[in-house]
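Enquirer: Pasting a structure here, questions to come.
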Amino acid sequence: MVRLPAWLRLVSCALLSMQAALAEPPALMHAQRHHDGIDPAAYWVSEKLDGVRAVWDGRVLRFRSGRPIAAPAWFTASLPAVPLDGELWIARGRFDVLSGIVRREVPDDADWQPVRYLLFDLPGAPGDFSQRLERLTRIVADAGLPWLQVVPQWRVVDRAELAVRFDEVVAGGGEGLMLHRADALWTAGRSDALLKLTPFLDAEATVTGHVPGKGRHRGRLGALEVMDAEGRRFRIGSGLSDAARAAPPAIGAQVTYRYRELTPRGLPRFPVFVRVRDLP
Numbered sequence: 002m003v004r005l006p007a008w009l010r011l012v013s014c015a016l017l018s019m020q021a022a023l024a025e026p027p028a029l030m031h032a033q034r035h036h037d038g039i040d041p042a043a044y045w046v047s048e049k050l051d052g053v054r055a056v057w058d059g060r061v062l063r064f065r066s067g068r069p070i071a072a073p074a075w076f077t078a079s080l081p082a083v084p085l086d087g088e089l090w091i092a093r094g095r096f097d098v099l100s101g102i103v104r105r106e107v108p109d110d111a112d113w114q115p116v117r118y119l120l121f122d123l124p125g126a127p128g129d130f131s132q133r134l135e136r137l138t139r140i141v142a143d144a145g146l147p148w149l150q151v152v153p154q155w156r157v158v159d160r161a162e163l164a165v166r167f168d169e170v171v172a173g174g175g176e177g178l179m180l181h182r183a184d185a186l187w188t189a190g191r192s193d194a195l196l197k198l199t200p201f202l203d204a205e206a207t208v209t210g211h212v213p214g215k216g217r218h219r220g221r222l223g224a225l226e227v228m229d230a231e232g233r234r235f236r237i238g239s240g241l242s243d244a245a246r247a248a249p250p251a252i253g254a255q256v257t258y259r260y261r262e263l264t265p266r267g268l269p270r271f272p273v274f275v276r277v278r279d280l281p
């Protein structure tokens, strides 16, 4: 029998471990847009966090793609042995900092200190959302971990109160609100069981070209040429920082943009660049 060199055996073991850690994207609930036809009194309401979605399967913390998150051992060692769904979060307006922390293959203990795992559901658990929320609250209390918390949820009586809470969150720098229907069973995919209410629409597109700048942007990027999932092509020229104009997102990169509405031709009106979608 041929015996592999020690270094090659170590590499092989590492590759096997990596393959074992990888998984298919987990089944998740995904939000639809809020619409005027719903009665907000039937929903639990929470702030929409600009964090990194993270799913705990009872053993491994993963991105929504299924790729493992390289969190410090102390962060995950005492997490409950039940599936959890939530967001890694630091504070409003700190997404870029958070993204840099969680994407590292070797975690930095000091950088992870302010990161919290804010939970909003128990994937695949029985019962309606109110029942799952009650159980989730007990699980977090029993765990007793300062960085493990439940996303605060509240109820509103009507659309007027929802509008007031929405204005308060947005004025304070928040992204908007999430609405979980109180009587809804957990189900993967998109439905009226989970809604998002924001002052803008957001979507993703693929960079297909770079438009040279003019005037004060001469010699660097003026706009991104992009194509959305439906094959529609348009340009994004607003929201780009000086750094992004000097070193623009690569051709083929996925970017997130925001817009207010669609034109009669179905194109986003006044699209604004948000970030490169470089998280797994």
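Mapping to the numbering used here: the sequence shown position 144 is 145, numbers consecutive.
Note that beta-carbon positions come from the ideal geometry of N, C-alpha and C, so glycine has one too.
Note that the structure is predicted; figures quoted are calculated from it, not measured.
Pairs of beta-carbons, one from the segment 177–189 and one from the segment 119–132, closer than 8 Å: are there three or more?
Expert: Yes, they touch.
Enquirer: In the structure shown, what three-state DSSP assignment does VAL98 receive?
Expert: Within the sequence shown, numbered from 1, the residue matching residue 98 stands at position 97. Reduced to three states, the DSSP call for VAL98 is helix.
Enquirer: So, is TRP45 buried or exposed, given that buried needs 16 or more other C-beta atoms within 10 angstroms?
Expert: Start at 1 with the first residue of the sequence shown, and residue 45 comes out as number 44. It is buried - the Cβ of TRP45 has at least 16 other Cβ atoms within 10 Å.
Enquirer: DSSP on THR138, reduced to helix/strand/coil?
Expert: Within the sequence shown, residue 138 is the residue found at index 137, counting from 1. Looking at THR138 - three-state DSSP - the assignment turns out to be helix.
Enquirer: To the nearest angstrom, report how far apart GLU135 and PRO269 are at their CA atoms.
Expert: Residue 135 sits at position 134 when you count from the first residue of the sequence shown. Residue 269 sits at position 268 when you count from the first residue of the sequence shown. Those two C-alpha atoms are separated by around 40 Å.
Enquirer: Beta-carbon within less than 7 Å of ALA139's beta-carbon, same chain only, minus the 5 sequence neighbours each way: which residues are those?
Expert: Residue 139 sits at position 138 when you count from the first residue of the sequence shown. It should be noted that the sequence gives Arg, not Ala, for residue 139. Closer than 7 Å at Cβ, skipping near neighbours: no residue.
Enquirer: Can you tell me the Cα-Cα spacing of ALA72 and ARG54, whole angstroms?
Expert: The residue given as residue 72 occupies position 71 in the sequence shown. The residue given as residue 54 occupies position 53 in the sequence shown. Their Cα atoms are separated by approximately 14 Å.
Enquirer: Let me confirm a value: LYS215 is counted as buried when at least 16 other C-beta atoms fall within 10 Å, else exposed. Which label applies?
Expert: On the sequence shown, position 214 is the one that residue 215 refers to. LYS215 should be labelled exposed.
Enquirer: Taking the alpha-carbon of THR207 as reference, which of ASP193, LEU222 and ILE237 has the nearest alpha-carbon?
Expert: For the purposes of this step, residue 207 is identified with residue 206 of the sequence shown, where counting begins at 1. Checked all of ASP193, LEU222 and ILE237; the closest Cα to THR207 is ILE237.
Enquirer: CB GLU176 to CB ARG278, shorter than 8 Å?
Expert: Here residue 176 refers to the residue found at position 175 when the sequence shown is read from its first residue. Here residue 278 refers to the residue found at position 277 when the sequence shown is read from its first residue. No, they are not a contact pair.
Enquirer: Would you tell me roughly how many angstroms separate the C-alpha atoms of LEU119 and VAL141, rounded to the nearest one?
Expert: Residue 119 sits at position 118 when you count from the first residue of the sequence shown. Residue 141 sits at position 140 when you count from the first residue of the sequence shown. Cα-Cα distance, rounded: 10 Å.
Enquirer: Cα-Cα, which of LEU50, ARG65 and LYS49 is closest to GLU25?
Expert: Position 24 of the sequence shown, counted from the start, is the residue given in the question as residue 25. That would be ARG65, whose Cα lies nearest to the Cα of GLU25.
Enquirer: Check whether the segment 237–256 touches the segment 187–197, taking contact to mean three or more Cβ pairs, one atom from each stretch, closer than 8 Å.
Expert: The segment 237–256 vs the segment 187–197: no contact.
Enquirer: In the structure shown, what three-state DSSP assignment does PRO26 receive?
Expert: Numbered from 1 along the sequence shown, position 25 holds the residue referred to as residue 26. Looking at PRO26 - three-state DSSP - the assignment turns out to be coil, as it is neither helix nor strand.
Enquirer: Taking contact to mean at least 3 C-beta pairs separated by less than 8 Å, is the segment 33–45 in contact with the segment 149–167?
Expert: Segments in contact, yes.
Enquirer: List the endpoints of the continuous beta strand (DSSP E) containing THR77.
Expert: Counting from one through the sequence shown, the residue named residue 77 turns up at place 76. Taken as a continuous stretch (DSSP letters only), THR77 belongs to no beta strand (DSSP E), being part of the alpha helix (DSSP H) at 74–77.
Enquirer: Any idea what DSSP makes of HIS218, helix, strand or coil?
Expert: On the sequence shown, position 217 is the one that residue 218 refers to. Helix at HIS218.
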